[in-house]
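Presented below is the structure to which this report refers.
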Ligand code: GLA
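In this note's numbering, the protein residues as written are 1 to 384.
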């Protein structure tokens, strides 16, 4: 249901008001994992799974947010917003209101209805889509707007400061700035980016292992700390290395022995992943899909072995894809420890690929996966 008419009628029935409607997509990352908070490179694409928000003003000073997915309504007082999240789905939309208030906006009372089809906890950035769609909707009600990169930063702050998840900028950035049929090579240092067309003959097949993933859980921040500890060792010798983005594999040869073994492994993944991501973008721009696929495979095993960010099921999903007709490249996408693999597949082979991968995975793991043939979509915008 990306048809705004359905959400409009849900909103009208509940709130008896005519809403404005906005949409923000989830994302899949083609390559560049755990590099964003190291000021490195990522190459995501927005996908045709999204969150929609309907918004209308209120006169009673209340903020009432209804989720169609959870069939639940939450009410807040616009004059007494909470300081921190509550580990509830409403943290994301109310966190946006709190963050905008913190930037000096006067947040009025409003009614909001939400609906989305980005699978939750699957590494496809349902939370970023929710933040971005709320920010667009609320800013439009307030009568303000921000350039795309600034809007992405505001939404990242919601996640970092209100929700308490220590994520980077990738998910929010691509949800705001995605472009139909393109991947986006983002330099997370200065937020400059290059668009790379995904050829017509290539499908994005997203395979959900059904193993839940969470950025707020323990593993993501642990990996981040371990890789940052490696960076601190390098910086003690070379002060010009504030982030792993600035480090080289030679630095690891020289000073790796001073690092905890796990830190060395995490850093080797991050440094080599930055090189692979830039190389993959160049290959994609040249239409060299074989090279993109080779780099994706290398990236997966670096993520799995050095970063230890995969899980048994995701490794199986990647292995099972290898000899299926049409595969260009497969790897685990997103924050890790579960979630989805991204498979670049020849369009003509995609339906059979999806069917066969699903049945092989179910036979091997006794888990029935969800497999979606997707395409790269545009970034967040107003719908009506
Ligand atoms: C999650 C985070 C991103 C990024 C990825 C890993 O999706 O939200 O900022 O760190 O994990 O690449």
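C-beta: ideal position from N, C-alpha, C; glycine also.
Cβ neighbour criterion (16 or more within 10 Å) applied to residue i
i           : result
residue 199 : exposed
residue 145 : exposed
residue 5   : exposed
residue 235 : buried
residue 273 : buried
The ligand GLA heavy atom lying under 6 angstroms from the CB of residue i
i           : result
residue 335 : yes
residue 121 : no
residue 168 : yes
residue 33  : yes
residue 219 : no
residue 60  : no
residue 187 : no
residue 171 : yes
residue 91  : no
residue 306 : no
residue 384 : no
residue 36  : yes
Boundaries (first-last residue) of the alpha helix (DSSP H) holding residue i
i           : result
residue 221 : 219 to 237
residue 322 : Unbroken run through residue 322: none, as it is neither H nor E.
residue 94  : 91 to 102
residue 272 : 261 to 285
Secondary structure of residue i, DSSP reduced to three states
i           : result
residue 134 : helix
residue 26  : strand
residue 57  : strand
residue 326 : coil
residue 142 : helix
residue 88  : coil
residue 382 : strand
residue 161 : helix
residue 73  : strand
residue 363 : helix
residue 3   : coil
Candidates the options, of which the one nearest residue i by Cα
i           : options               : result
residue 353 : 279, 203, 246 and 298 : 203
residue 131 : 142, 119, 151 and 141 : 151
residue 284 : 44, 108 and 172       : 44
residue 81  : 73, 135, 93 and 72    : 93
residue 142 : 76, 134 and 264       : 134
residue 344 : 254, 384 and 294      : 294
Continuous beta strand (DSSP E) stretch holding residue i: start and end
i           : result
residue 192 : 192 to 197
residue 292 : From DSSP, residue 292 is part of no beta strand (DSSP E) but of the alpha helix (DSSP H) over 289 to 301.
Test: residue i CB closer than 7 angstroms to a CB of chain D
i          : result
residue 14 : The structure shown contains no chain D, having only a single protein chain.
Cβ-heavy atom distance, residue i to the ligand COA, below 6 angstroms
i          : result
residue 82 : The ligand COA is not among the ligands present in this structure, which contains only the ligand GLA.
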